[in-house]
Each structure stands twice: as C-alpha cells, then as structure tokens.
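Notes to accompany the following structure.
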Amino acid sequence: MPVSGYTKFGVGLDEAAKRDHIQAAAKKVFGRVGYHHASVKEIISEAGISRRTFYTYFRSKEDVLIQLVDTFIEEVKRTKELETPDELQSTTEVRDQVRRLAWALVEVILKNRELIKPLFEGMVLDDDVLTPRSENLLKIFQTFIREYLEAAQAKGFAHEGDAELISGMLLGMYMETVRKYIIKQKRPPLDRLVKEILALLERGLLKPGPTPS
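According to this note's numbering, the stretch in the sequence shown is residues 9 to 221, in order.
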C-alpha cells in the first residue's frame with residue numbers, strides 16, 4: 009500500500025517534505041525486498057509519484073539508500089554519545105547506564121527497522137554501497153561495547169578479559185538476535201528480549217554488585 013497522508017503529491021509540501029515522502033516510500037520497499045531486489049519502479053509506485061518526480065530529487069535507488077543509511081548511522085552515533093563510561097563509580101552505575109543506552113539504541117533501530125534487511129545484505133555481500141556502511145555500523149556498536157567493558161575493567165567492576173575479542177563475540181550474538189527479530193519476525197516480547205540480553209551481559213562480565221531493584 010502506498011505511503012499514506014498525501015492526497016496529491018506536492019500540494020502544500022516544501023522541498024524537504026517531498027524528499028521525506030519519497031524516502032519513506034523507499035524505506036518501505038527496502039524493508040520488504042531488500043536493496044538488490046528493489047527497483048525505482050516499486051519506489052515510485054509506493055510513493056504515488058511519477059518517474060520524473062523521483063528523478064527530480066534522487067539520481068537512483070542507490071542515492072536514496074545512501075541518504076537513508078547515512079542518516080541512520082548518524083542517529084546511532086548521536087545516541088551512543090548521549091552518555092560515556094568515564095565517570096562511572098560503581099557496578100550499579102555501569103549497569104544502569106548501559107541499560108539506558110541499550111534501550112535508546114533499540115528505539116533507534118526499531119524506528120529504522122526497514123533498513124536492517126539491506127544492511128544485512130551489506131554484511132554478507134561485497135557491495136560498494138552497502139558493505140562499507142554495514143561495517144561502519146558494526147564498528148560503532150562494537151566500540152560501544154568495548155569502551156564500556158574496558159572502563160568497567162579498569163575500575164574493577166568487570167572481570168578481566170580481552171575486551172576487543174569479547175566485544176566482537178557479543179556483537180555477533182546481538183546481531184543474530186536483531187536479524188531474527190526484525191527480518192525473520194521471531195518476536196518474543198521486546199522488553200523481555202532486551203532484559204534477557206542485558207542480564208546475560210551483566211552475569212557474564214560484571215562483578216557482583218548491589219542487587220538491582
């Protein structure tokens with residue numbers, strides 16, 4: 009079903025809103041069929057616009073995807089930087105801050121869930137557009153995990169271990185969970201899923217601290 013909310017494309021819309029409308033349609037198409045199986049024709053149909061209108065704002069489906077994914081990555085970066093592990097003073101503070109940021113990142117991912125399928129394509133296919141962006145996103149998430157683990161280890165709140173290797177292994181586990189939840193639609197309640205992931209992380213890495221309420 010085409011993107012709703014517009015009775016006639018362009019009426020009462022500024023240029024930014026027109027681009028947003030086309031991007032929203034493209035996002036839906038990419039979420040359904042991925043990047044490589046998507047076509048400009050499908051995006052045009054989803055948006056309810058002419059081919060000429062599409063090419064007024066974008067050069068290709070690749071152009072749309074690049075802008076969508078780059079915006080998503082910047083949002084992930086901003087969310088990750090909302091808090092840092094530098095001033096953490098206890099196991100409880102580590103646990104609470106990681107939980108806050110984990111939920112914030114989950115919300116960003118869910119808001120952009122249609123981009124997960126094409127980004128997974130970039131992880132398994134050698135693609136000039138997707139692969140570097142997929143690798144960049146993975147690096148951001150792994151750095152997030154590693155930085156918190158290193159900070160907790162340095163202050164004696166976490167067990168010793170190779171933070172780089174551990175963060176890579178944890179990332180693999182999390183990405184498989186994301187793949188099943190968003191792409192395969194194997195969906196236990198989200199709050200339970202995130203709670204169990206965080207509990208596993210805490211039990212495995214953090215030293216005993218006060219019992220959370």
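Every residue gets a Cβ at the ideal spot worked out from N, C-alpha and C, and that includes glycine.
Point to revise | Per-residue burial, Y43 [other beta carbons within 10 Å of its own, 16 or more giving buried] | key: Translated into the one-based positions of the sequence shown, residue 43 becomes position 35. Looking at its Cβ environment, which holds 16 or more other Cβ atoms inside 10 Å, Y43 is buried.
Check your understanding: Given a threshold of 16 other Cβ atoms within 10 Å of its Cβ, counted over all protein chains shown, does T151 qualify as buried or as exposed?
Key -> Residue mapping note: residue 151 aligns to position 143 of the sequence shown, counting from 1. Exposed is the label assigned to T151, since fewer than 16 other Cβ atoms lie within 10 Å of its Cβ.
Point to revise | For A162 and V132, the rounded distance between their alpha carbons | key: On the sequence shown, residue 132 is found 124 positions in, with the first residue counted as 1. On the sequence shown, residue 162 is found 154 positions in, with the first residue counted as 1. Distance between the alpha carbons of V132 and A162 is about 35 Å.
**Study point:** Beta-carbon gap between F80 and V72 smaller than 9 Å
**Key:** The residue given as residue 80 occupies position 72 in the sequence shown. The residue given as residue 72 occupies position 64 in the sequence shown. Contact: no.
Practice item. Tell me whether A46 sits in a helix, a strand or coil according to DSSP, three-state version. Key: Within the sequence shown, the letter at position 38 stands for residue 46. It is coil, neither helix nor strand.
Check your understanding: So, using beta-carbon positions, are V84 and L145 closer together than 9 Å?
Key -> By 1-based counting over the sequence shown, the position of residue 84 is 76. By 1-based counting over the sequence shown, the position of residue 145 is 137. Closer than 9 Å, so yes.
Review point. Any contact of the stretch 93–112 with the stretch 154–173, i.e. 3+ C-beta pairs under 8 Å?
Key: yes
Review point. For I174 versus L198, is the C-beta distance shorter than 9 Å?
Key: Numbered from 1 along the sequence shown, position 166 holds the residue referred to as residue 174. Numbered from 1 along the sequence shown, position 190 holds the residue referred to as residue 198. Contact: no.
Exercise for review: Return yes when the Cβ of A160 is within less than 9 Å of the Cβ of T99, no when it is not.
Suggested key: The residue you call residue 99 lines up with position 91 of the sequence shown. The residue you call residue 160 lines up with position 152 of the sequence shown. Taking 9 Å as the Cβ cut-off, T99 and A160 qualify as a contacting pair.
Practice item. Can you check the stretch 177–209 for any beta strand (DSSP E) of at least 3 residues that lies completely inside it and give the ranges in chain order? Key: Every candidate beta strand (DSSP E) stretch fails here, since none sits fully inside the stretch 177–209 while reaching 3 residues.
Review point. Can you tell which of H45, R211 and L209 has its C-alpha closest to the C-alpha of P126?
Key: Sequence index remark: in the sequence shown, residue 126 carries index 118 (1-based). Per the Cα distances, H45.
Practice item. Tell me, please, whether the stretch 186–193 touches the stretch 116–124 by the rule of three or more beta-carbon pairs shorter than 8 Å. Key: yes
Check your understanding: Taking the DSSP output, what are the residues bridged to A162?
Key -> If you number the sequence shown from 1, residue 162 lands on position 154. None; A162 has no bridge partner.
Review point. To which residues of the same chain is E50 closer than 8 Å at the C-beta, ignoring the five residues directly before and after it?
Key: Start at 1 with the first residue of the sequence shown, and residue 50 comes out as number 42. V37 and V41.
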